[in-house]
Amino acid sequence: MSEEKYMKQFLSFDVTIRVRMLLKFFTVLAHTMVMPYTVVYFAAKIGPSLTTMMIIIIGIISIIGYLLGGQAADRIGRKRVIITSEMMTGIGFLIVYCFDSLHHFYAIPIVVAFSFIYFFESASNPAYSALIIDASNEKDRKIIYTYFMWITSTAFAGGSLLGGFFFENHSSMLFFIVGLTSILSAVLTSLLIKDIPLKAADAITELPAAPAKKLSIFASQLFLFLCIGQLLINILKEQFPNYLSIRIVSKYPVGDIDISGYKMIGYLNLEETIIITIAAGFIFKLTKRLSEKMSLMLGLLLFVLGYICLSYFIHPALLMLGMLFISAGGLIYLPTLQAITAKSLPAHSRGKHLSVLGLVGAVGGMISSLFIWAMAYIPEIGITFIFVGMGIFLVGVYWRVYHFAYSENVQERVEKKTVFSVE
Numbered sequence: 056m057s058e059e060k061y062m063k064q065f066l067s068f069d070v071t072i073r074v075r076m077l078l079k080f081f082t083v084l085a086h087t088m089v090m091p092y093t094v095v096y097f098a099a100k101i102g103p104s105l106t107t108m109m110i111i112i113i114g115i116i117s118i119i120g121y122l123l124g125g126q127a128a129d130r131i132g133r134k135r136v137i138i139t140s141e142m143m144t145g146i147g148f149l150i151v152y153c154f155d156s157l158h159h160f161y162a163i164p165i166v167v168a169f170s171f172i173y174f175f176e177s178a179s180n181p182a183y184s185a186l187i188i189d190a191s192n193e194k195d196r197k198i199i200y201t202y203f204m205w206i207t208s209t210a211f212a213g214g215s216l217l218g219g220f221f222f223e224n225h226s227s228m229l230f231f232i233v234g235l236t237s238i239l240s241a242v243l244t245s246l247l248i249k250d251i252p253l254k255a256a257d258a259i260t261e262l263p264a265a266p267a268k269k270l271s272i273f274a275s276q277l278f279l280f281l282c283i284g285q286l287l288i289n290i291l292k293e294q295f296p297n298y299l300s301i302r303i304v305s306k307y308p309v310g311d312i313d314i315s316g317y318k319m320i321g322y323l324n325l326e327e328t329i330i331i332t333i334a335a336g337f338i339f340k341l342t343k344r345l346s347e348k349m350s351l352m353l354g355l356l357l358f359v360l361g362y363i364c365l366s367y368f369i370h371p372a373l374l375m376l377g378m379l380f381i382s383a384g385g386l387i388y389l390p391t392l393q394a395i396t397a398k399s400l401p402a403h404s405r406g407k408h409l410s411v412l413g414l415v416g417a418v419g420g421m422i423s424s425l426f427i428w429a430m431a432y433i434p435e436i437g438i439t440f441i442f443v444g445m446g447i448f449l450v451g452v453y454w455r456v457y458h459f460a461y462s463e464n465v466q467e468r469v470e471k472k473t474v475f476s477v478e
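The sequence shown maps to residues 56 to 478 in our numbering.
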């Protein structure tokens with residue numbers, strides 16, 4: 056697809072989607088200058104054991120944020136939740152900047168500020184997700200999620216690369232930049248984004264007139280497996296900023312390769328950006344030819360294989376091979392999975408459903424932090440075997456998710472056909 060066609064397609068999206076994409080790029084760029092390095096930052100300051108405890112506490116706070124944010128998004132609107140959360144997140148980063156710029160390390164106020172940040176970031180996530188679903192229709196969601204993944208990954212790699220070069224010696228200034236960016240994003244959201252009323256959101260989803268009974272039959276099982284899958288995916292995804300980052304930093308430089316662990320992490324994130332930037336269009340065309348089932352399974356297998364490589368190998372070339380698998384796998388499976396999830400959620404309670412998925416993801420992040428503690432007792436090969444076991448289970452779970460979703464779609468078509476034949 057040419058650049059002109061990409062731009063034409065971008066302009067065809069609802070203005071809410073377009074503004075959200077642009078704000079997403081700048082906020083992710085800023086946040087990832089610091090967030091991938093905070094675990095290593097605290098591990099160096101207070102030690103791995105206290106860092107693990109801190110991550111668990113922050114994880115619990117994030118869970119509360121997801122629950123409250125999802126309910127608030129359904130009750131008072133997505134926009135108000137997003138504006139409040141981004142403003143409070145910005146204030147939290149400015150507090151971290153104030154204390155981090157001092158000569159003495161004040162652990163308690165910095166940990167409290169990060170708890171504040173994670174609470175409001177978690178509260179905003181269900182609102183972000185629901186807003187995108189509200190402003191889109193089912194046929195466009197897969198390409199919209201592909202755009203969001205491309206934008207997020209590009210910003211993530213750019214931010215983490217900048218962080219890899221500057222965080223170690225200029226963390227205070229980076230915290231200040233992130234705080235200002237969050238506040239600016241809140242202001243622009245207030246000015247440029249409009250909430251979509253629930254009735255309008257119902258119309259956009261193009262669901263059949265009476266889906267409630269169908270969802271009560273299928274969603275309990277489908278949603279349960281979606282939650283289990285989300286848990287396993289997040290346990291793996293959060294290994295990179297947690298256990299895997301500490302592993303890389305502790306083992307570098309390697310041999311004659313004069314690269315610090317921080318820079319190696321930055322290079323891996325840069326590689327992810329390059330892959331996604333170059334391959335996103337090609338992968339999307341490829342997955343259009345593949346069935347949803349094949350896209351989901353192939354992407355997940357590559358994703359899992361990538362994390363197994365990162366947990367076992369340490370040579371830069373092999374780490375980059377692992378990141379290649381992770382990036383390509385994510386491009387293949389994630390848009391398909393997000394589209395399946397979006398059409399499985401009832402419009403009137405999207406915020407609540409998405410908050411539960413976010414809550415489960417936060418629990419996965421908490422569980423992943425236990426690997427920091429476990430690395431003192433379990434050899435690296437043992438952790439690799441744990442990753443293998445989780446990967447096999449993950450693929451099996453999403454195999455069931457696909458079949459539940461397919462059964463739901465078949466029943467939906469039968470219901471529509473019955474209605475038309477009666478008329």
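Heads up, the beta-carbon is just placed ideally off N, CA and C, and yes, glycines get one too.
Small disclaimer: the values here were computed from a predicted structure and weren't measured.
Pairwise C-alpha distance: residue j and residue i
{"i": "HIS159", "j": "GLU326", "result": "36 angstroms"}
{"i": "VAL70", "j": "PHE80", "result": "16 angstroms"}
{"i": "LEU374", "j": "GLY132", "result": "43 angstroms"}
{"i": "LEU291", "j": "MET378", "result": "13 angstroms"}
{"i": "MET349", "j": "THR342", "result": "8 angstroms"}
{"i": "ILE150", "j": "VAL418", "result": "26 angstroms"}
{"i": "ASP311", "j": "VAL304", "result": "16 angstroms"}
{"i": "ASP189", "j": "PRO390", "result": "17 angstroms"}
{"i": "VAL456", "j": "MET352", "result": "11 angstroms"}
{"i": "GLY444", "j": "LEU365", "result": "15 angstroms"}
{"i": "GLU293", "j": "GLY114", "result": "12 angstroms"}
{"i": "TYR388", "j": "ILE330", "result": "15 angstroms"}
{"i": "ILE187", "j": "ILE72", "result": "6 angstroms"}
{"i": "GLY120", "j": "ILE138", "result": "15 angstroms"}
{"i": "PHE65", "j": "GLY336", "result": "13 angstroms"}
{"i": "LEU239", "j": "MET143", "result": "12 angstroms"}
{"i": "ALA264", "j": "SER208", "result": "Because the pLDDT of ALA264 is 36, which lies under 50, any placement of that residue in the model is unreliable, and the number read from its coordinates should be weighed accordingly. Cα-Cα distance, rounded: 37 angstroms."}
{"i": "LEU277", "j": "TYR453", "result": "10 angstroms"}
{"i": "THR328", "j": "ILE363", "result": "20 angstroms"}
{"i": "PHE273", "j": "PHE459", "result": "Low confidence applies here, because PHE273 scores a pLDDT of 39, under 50, leaving its location unreliable; read the following figure in that light. The straight-line gap from Cα to Cα measures roughly 7 angstroms."}
{"i": "SER156", "j": "SER226", "result": "8 angstroms"}
{"i": "LEU323", "j": "GLY145", "result": "27 angstroms"}
{"i": "VAL242", "j": "PHE169", "result": "22 angstroms"}
{"i": "ASN297", "j": "GLU347", "result": "32 angstroms"}
{"i": "TYR161", "j": "ILE112", "result": "18 angstroms"}
Residues that DSSP places opposite residue i in a beta bridge
{"i": "ILE312", "result": "VAL309"}
Same chain, Cβ closer than 7 angstroms to residue i, neighbours up to 5 away in sequence not counted
{"i": "ILE369", "result": "LYS306 and VAL309"}
{"i": "GLY148", "result": "The displayed chain sequence assigns Phe, not Gly, to residue 148. Here the set comprises ILE172, PHE230, VAL233, GLY234 and SER237."}
{"i": "LEU11", "result": "Here the chain has residues from 56 to 478 only, and residue 11 is not among them."}
{"i": "VAL136", "result": "GLY124, ALA127, ALA128, ALA178, SER179 and ALA182"}
{"i": "SER184", "result": "LEU409"}
{"i": "LYS63", "result": "none"}
Beta-carbon proximity list for residue i, same chain, < 6 angstroms, skipping 5 on both sides
{"i": "VAL359", "result": "GLY446"}
{"i": "PHE380", "result": "LEU357, LEU360 and GLY361"}
{"i": "PRO76", "result": "First, the residue type needs correcting, since residue 76 is Met and not Pro in the sequence shown. Excluding positions up to five away in sequence, the list reads ILE206."}
{"i": "PHE211", "result": "VAL83 and THR87"}
{"i": "GLN393", "result": "TYR200"}
8 angstroms CB neighbourhood of residue i in its chain, flanking five on each side removed
{"i": "ILE259", "result": "Confidence at ILE259 is low in this model, with a pLDDT of 47, below 50, so its placement is unreliable and the value that follows should be read with caution. Around ILE259: ASP189, ALA190, SER191, ASN192 and ILE251."}
{"i": "PRO371", "result": "VAL309, ILE312, ILE314, MET319 and TYR322"}
(message) Three or more C-beta pairs under 8 angstroms: does that hold for the stretch 101-118 against the stretch 432-449?
(response) The stretch 101-118 makes no contact with the stretch 432-449; the number of CB pairs closer than 8 angstroms stays below 3.
(request) Check whether the stretch 126-140 touches the stretch 168-181, counting contact only when three or more Cβ pairs, one atom from each stretch, lie closer than 8 angstroms. (result) The stretch 126-140, when compared against the stretch 168-181, does touch it at the 8 angstroms Cβ threshold.
(request) Taking 8 angstroms as the threshold, find out whether the stretch 308-322 comes into contact with the stretch 218-228 through three or more Cβ pairs. (result) By the C-beta criterion, the stretch 308-322 is judged to be in contact with the stretch 218-228, since at least 3 inter-stretch pairs fall below 8 angstroms.
(request) Determine, using beta-carbon pairs with one atom in the stretch 203-216 and one in the stretch 84-95, whether at least three such pairs fall under 8 angstroms. (result) In short, these stretches touch, since the Cβ pair count reaches three.
(message) Report the start-end ranges of each alpha helix (DSSP H) in the stretch 397-439 that is 4 residues or longer and not cut off at the edges.
(response) List check, alpha helix (DSSP H) in window: 405-429.
(message) I'd like the ranges of any beta strand (DSSP E) spanning at least 3 consecutive residues and lying wholly in the stretch 361-399.
(response) Counting only runs of 3 or more, we get nothing.
(request) Please list the segments of the beta strand (DSSP E) lying wholly inside the stretch 113-176, counting only runs of 3 or more residues, in order along the chain. (result) For the stretch 113-176, not a single whole beta strand (DSSP E) run of length 3 or above is found.
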